[in-house]
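Input: a single structure, listed below in structure tokens.
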Amino acid sequence: MPADREHITPLATAAADRPTSDEGDPYATSPTPLSCRRRRRRLICCVSCTALVVVAIAVVLAIIALTVYKVKDPVMTMNSVYVKNLNINLTSPHAANMTVVADVSVKNPNAASFRFGESTTALYYRAREIGVAYGPPGTAGARKMFRLNVTVDVMADRLLADPDLLVDLVGGKLDLTTSTKVGGRAKIFLIIKHHADVMMNCSMTLAVSNQSILAQSCTQRVWL
């Protein structure tokens, strides 16, 4: 009987040796402070790498936009201009006919296409506007040219109303001025947009006898 008692564990002792719910299961895995720090480091590293890639892409795009795709001024050129149907009769208040035909081109020196709106060409005699014409919109591809064929019909009453017309007709010369303006917009990467207005003023001297251009000079101005 005493020997049997030695192998019997008291209930109180057995209960004390059994793990309680507060102590937890010694075999259950739980995150350690070291593993949490590793996960945090990985997350920070991933976010940092993503941010660096985004910044690098933005820098590359900015460099390309400021170098290869830097917007340059369009160049407008008066290729040719001539006058036809010149007929002025000072005895009649409306007996004056004159048509000015101009061939104008706009060069797009940019690596992106340039879309132009409607153009406006005004004709002046001694600072008096005597005619105006409008051209259709168009697009000039990268490093391409956009052509404007302009025909301006003179308003007879405005021309004959100038008191210096008789003096110039007797002298055989008419001083005329044309002003052509067109606005356009270049789109880069479908996001960056640049607007430009181009104006060209040309002064010319017309021979009344054969309607030829004796002298011509043009200046250009661009607003970006």
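Each residue of the sequence shown is one higher than the one before, counting from 74 in the numbering used here. The C-beta atom is built at its ideal place from N, Cα and C for all residues, glycine as well. Remember, it's a predicted structure, so these values are computed and weren't measured experimentally.
- request: Would you tell me roughly how many angstroms separate the C-alpha atoms of K260 and V240, rounded to the nearest one?
  value: Computed Cα separation, rounded: 51 Å.
- request: Identify whether S153 lies in helix, strand or coil by the three-state DSSP scheme.
  value: The answer is strand: DSSP assigns S153 an E or B state.
query: Could you give the distance in angstroms between the alpha-carbon of A234 and the alpha-carbon of L242?
result: Rounded to whole angstroms, A234 to L242 spans 14 Å at the Cα level.
message: Buried or exposed for N169, going by 16 or more other Cβ atoms inside 10 Å?
response: A small correction: the amino acid at residue 169 is Ala; Asn does not occupy that position in the sequence shown. Burial call: buried.
message: Using only CA atoms, which one of V173, R201, R216, D237 lies nearest to R188?
response: Here the closest residue by C-alpha is R216.
- request: Under 6 Å Cβ to Cβ from L221, same chain only, skipping five residues before and after it: list those, please.
  value: So the qualifying residues of the chain are V177, S192, G208.
- prompt: Span of the alpha helix (DSSP H) holding G244?
  reply: For G244, the uninterrupted alpha helix (DSSP H) run begins and ends at 238–244, by DSSP.
query: If you run the structure through DSSP and keep just helix, strand and coil, what is T123?
result: When DSSP states are grouped into helix, strand and coil, T123 belongs to the helix group.
- request: Kindly indicate which residue of V225, P147, T123 has the alpha-carbon position closest to the one of R297.
  value: Note on identity: in this sequence residue 297 is Leu, with Arg being the wrong assignment. Cα-wise, what sits closest to L297 is P147.
message: Restricting to Cα atoms, I'd like to know which of S252, K266, G257 is closest to M272.
response: Put simply, of S252, K266, G257 the residue whose alpha carbon is nearest the alpha carbon of M272 is S252.
- prompt: Do V179 and V255 come within 8 Å of each other at the CB atom, strictly closer than that value?
  reply: Cβ atoms of V255 and V179: closer than 8 Å.
- prompt: Which of the three DSSP states, helix, strand or coil, is assigned to L163?
  reply: It is coil, neither helix nor strand.
query: Below 8 Å between beta carbons: does that hold for V225 and A206?
result: A contact, by the Cβ cut-off of 8 Å.
- request: Determine the DSSP secondary structure at D230, reduced to helix, strand or coil.
  value: It is helical.
task: Would you identify the three-state DSSP class for S94, choosing helix, strand or coil?
output: A caution first: S94 carries a pLDDT of 48, below 50, which makes its placement in the model unreliable, though a value can still be read off. Per DSSP, reduced to three states, the secondary structure at S94 is coil, with no helix or strand assignment.
query: Under three-state DSSP, which class holds V128?
result: Looking at V128 - three-state DSSP - the assignment turns out to be helix.
query: Does the Cβ of N181 have 16 or more other Cβ atoms within 10 Å, making it buried, or fewer, making it exposed?
result: Looking at its Cβ environment, which holds 16 or more other Cβ atoms inside 10 Å, N181 is buried.
query: What residues in its chain sit with their C-beta under 7 Å from that of R201, if we drop five residues either side in the sequence?
result: Residues R231, D235 of the same chain have their beta carbon placed closer than 7 Å to that of R201, with the five preceding and five following residues left out of the count.
- request: Can you give me the start and stop residues for the beta strand (DSSP E) that Q293 sits inside?
  value: It spans 286–296 - the beta strand (DSSP E) in which Q293 sits, taken as one unbroken run.
- request: Determine the direct distance from the alpha carbon of T292 to that of Y155, and round the result to whole angstroms.
  value: One C-alpha to the other measures close to 18 Å.
field: A269 versus A288 - alpha carbon distance
entry: Each residue's alpha carbon lies about 29 Å from the other.
query: Starting from K180 and walking both ways along the beta strand (DSSP E), at which residues does that stretch end?
result: Per DSSP, the continuous beta strand (DSSP E) segment holding K180 begins and ends at 169–180.
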